[in-house]
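Okay, so here's the structure we're looking at.
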Amino acid sequence: MVFIKEPVIIDTDPGIDDALAIIFAFLTPEIDVKALTLTHGNVGLDAVTKNAVTLLHAVHEQRKHLGEPSSTLPVLAIGQSKPLSIDLVDATYFHGKDGFGEIYDELHPAPDNWEAFLDSENSDLKETTWFTASPRDAADEILHQLAHAPPLTVTICAIGPLTNIALAIQRDPVTASRAKRIVIMGGAVHVPGNTTPYGEFNFRADPHAADIVMQTTQGFQHSTQGYERRLALLKENKQAPQHVVLVPLDGSNDGTISKADYDNYIVPLGKSTPLHGFINAFMRWSFHICAAHYNLDNWAVFDAYAMFVLLEMIKDKGDGKNNEDFDKHWKYEYLDMAVETEGRYTLGQCCIDRRSWRKNQVPWHQQANAVQVITDGDGKRFRKALLATIFNAKFVNE
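Each residue of the sequence shown is one higher than the one before, starting from 1 at the first, in the UniProt record's numbering.
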């Protein structure tokens, strides 16, 4: 079967659920991962980089194990080690000090001499590496990828703090607006946060960056006319409105893997393949944390859910057409949403005008943003797609 491949840049801070999202993307034939751009987030940038190299190595070893032909190597670009304006925070309380659930000491060591492969000028490594090290930082790599592709064809999937993307916008807003869309896992719109009472982690980790990205949606229209206007503006070397799709906590809470799924479909695979050995090394940590800290027997894999949203939207080139399947399974709304950047207690809060009497009136803050916010999805379809794609799960009578 011939698949239409969507070129994708994944901006990430791996992170356990980041790892599942990235693996899901690599194993999905409709997605062509062009680059991983790394940011601070779940752990510090050094640990994030080690985790990305280890993950890419596991994917490479899996392809060798399966005898699959070599494909174009993804680019790996190292980004920002801290937020734009606030102090650094992390999520080691959930992901462990290494970001992968303490796997390196015994369960799954990093590749030998892994740091050497980050040297983009070392020609001796070109035939042995499993990624291409970028000579550019992450923000410039994002711009490079967008500049060298036709306009409105490359999708960005952002599953960490938005520092790199905001910097790309600040450095070159016209080139940054060449992205087809930006699918973001972040924010808590109608529910409490998960890091603070108001802040979801990715938005709380760099609220200024998140607000910059939301502002790029001003003037966006999800229609044929809107799509043609974006193309026309880019042809004139002007910044075009961006299509931002936000997958917040309240839109992704049904994107879960249960402990029963883990025990039935994942644990039995053990170390049967390089990739499954790697995944089993870090997933046992997640279910332990969910049970011990939150009294839950399931794990909400938010980042993988956002990647599934990206996959579901591929047929829509940005004009709102060919969306029949998406509209059947997903609910969403377009919101004039900003992100709180100064609040003592509310950093990272998703701010919308909730006053019913102001509905359909002029924007409540300067020019209106137009963020497509996922409010509900199809967790059962996501679960089956994830488990079948990564773990070859077979479902009977479900």
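All residues carry an ideal CB built from backbone N, CA and C; glycine is no exception. Please read these numbers as outputs of a predicted model, since none were measured by experiment.
query, result
"Reference A166, options A147, V189, Q145 and D140, closest by Cα", "D140"
"Buried or exposed (CB count within 10 angstroms, at least 16 for buried), M1", "Confidence at M1 is low in this model, with a pLDDT of 48, below 50, so its placement is unreliable and the value that follows should be read with caution. Exposed, because fewer than 16 other Cβ atoms sit within 10 Å of the Cβ of M1."
"Extent of the continuous beta strand (DSSP E) run through P7", "E6 to T12"
"The region 55-75 in contact with the region 269-281 per 3-pair CB rule at 8 angstroms", "yes"
"D250 versus G187, A291 and T256, residue with shortest Cα-Cα distance", "G187"
"Cβ pair A138, I78 closer than 8 angstroms", "yes"
"Contact set for T175: own chain, Cβ-Cβ below 6 angstroms, skip 5 residues either direction", "L143, L146 and A147"
"CB of F326 within 8 angstroms of CB of M313, strictly", "yes"
"Supposed contact pair D13 and T39 - C-beta distance, whole angstroms, cut 8 angstroms", "5 angstroms"
"For D211, the nearest candidate out of K50, S85, A21 and I31 (CA to CA)", "S85"
"Any alpha helix (DSSP H) of 4 or more consecutive residues that is wholly inside the region 12-66", "16-27 and 45-66"
"Pairwise C-alpha distance: K238 and K331", "32 angstroms"
"Straight-line gap, V8 to V245 (C-alpha atoms, nearest Å)", "14 angstroms"
"Close beta carbons around H190, own chain, < 7 angstroms, minus the five adjacent residues each side", "D250"
"Reference A47, options G101, V33, P74 and D297, closest by Cα", "G101"
"Where the alpha helix (DSSP H) through L387 begins and ends", "G379 to F391"
"Top-ranked residue by Cα proximity to G15, from G96, G193 and D336", "G96"
"Secondary structure of I159, DSSP reduced to three states", "coil"
"Distance between beta carbons of T375 and E333, contact taken as under 8 angstroms", "6 angstroms"
"Proximity to A240 [Cα-Cα], best of R181, D87 and D297", "R181"
"Residue of G255, G219 and A116 minimising C-alpha distance to A21", "G255"
"Contacting residues, own chain, Cβ-Cβ under 8 angstroms from N194 (five flanking each side not counted)", "A188, E200, F201 and L249"
"Rounded C-alpha distance that separates E6 from H222", "19 angstroms"
"Local conformation of N122 per DSSP, three classes", "coil"
"Residue environment, E324, which counts as buried when at least 16 other CB atoms sit within 10 Å", "exposed"
"L38 CB to nearest heavy atom of the ligand HEM below 7 angstroms", "Annotation note on the ligand HEM: not contained in the displayed structure, which lists no ligands."
"Cα-Cα separation, K328 to T216", "28 angstroms"
"Length of the line joining the Cα atoms of A291 and G219", "44 angstroms"
"Pairwise C-alpha distance: T163 and C351", "19 angstroms"
"Rounded separation between P150 and F287 - CA only", "42 angstroms"
"3 or more residues per run - each beta strand (DSSP E) lying fully within the region 126-187", "155-158 and 181-185"
"Cβ-based burial, R383 [other Cβ within 10 Å; buried from 16]", "buried"
"Test item: CB-CB of A209 and P161 under 8 angstroms", "yes"
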